[in-house]
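In what follows, a single structure is set out as structure tokens and then discussed.
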Amino acid sequence: MPPRRLTRMPEPMPEPAAARNEERSMTTVDDGLDLEQVADLLRHRYQQTLEQIATQTAETRDLRQAAHQDTGDMADAGSLISDTAQHDIVTAALSEQAGRLASALQRLQDGSFGTCGRCAQQIPLARLEIMPWATHCVTCQQHAEKLR
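In our numbering, the protein residues as written are 1 to 148.
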């Protein structure tokens with residue numbers, strides 16, 4: 001199953017008059033991002049990613065075992081080796097994604113979520129909606145990519 005993209009956060013339901021007078025418990029980034037929703041989404045995506053890693057790892061193990069069995073057919077052996085390499089690539093990408101999600105969850109906990117790690121400005125809401133694990137604003141990210 002492909003990873004789900006973060007979509008625009010739904011507009012909140014109108015509150016009853018009594019609730020509007022109470023202090024709101026919602027934590028938000030300056031431009032209105034509901035951090036509790038983001039945390040839930042990140043935890044869900046992190047869990048999905050860990051499950052995908054477990055599935056990929058099990059499939060890779062099975063492919064490696066099959067590749068070590070002598071089938072006598074070089075084409076089959078080559079196909080198994082190719083499939084194993086493909087699974088290794090996918091597992092590595094999923095592991096990297098899990099790390100980014102875990103890091104974003106940590107930034108939510110320590111209060112630095114939504115702040116650019118280079119210039120300390122707020123990361124635009126639109127960027128966080130697409131890439132909630134973003135650590136840099138667009139300008140700083142572009143600068144970092146030019147240096148690579």
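Even glycine gets a Cβ: it sits at the ideal position worked out from N, Cα and C.
Of Cys137, Ala104 and Gln47, the smallest CA-CA separation from Leu35 is found for Ala104. Its chain contains Arg100, Leu101, Ser103 and Ala104 as the residues whose beta carbon lies nearer than 7 Å to that of Trp133, once the 5 sequence neighbours on both sides are disregarded; these appear in chain order. Remark: C-beta atoms of Arg64 and Thr91 do not approach each other more closely than 7 Å. Between the segment 44-55 and the segment 116-125 there are fewer than three C-beta pairs closer than 8 Å, too few to call the two in contact. Within a 10 Å sphere around the beta-carbon of Gln52 sit 16 or more other beta-carbons, which makes this residue buried. Within the DSSP bridge table, the entry for Thr115 names Gln122 as partners.
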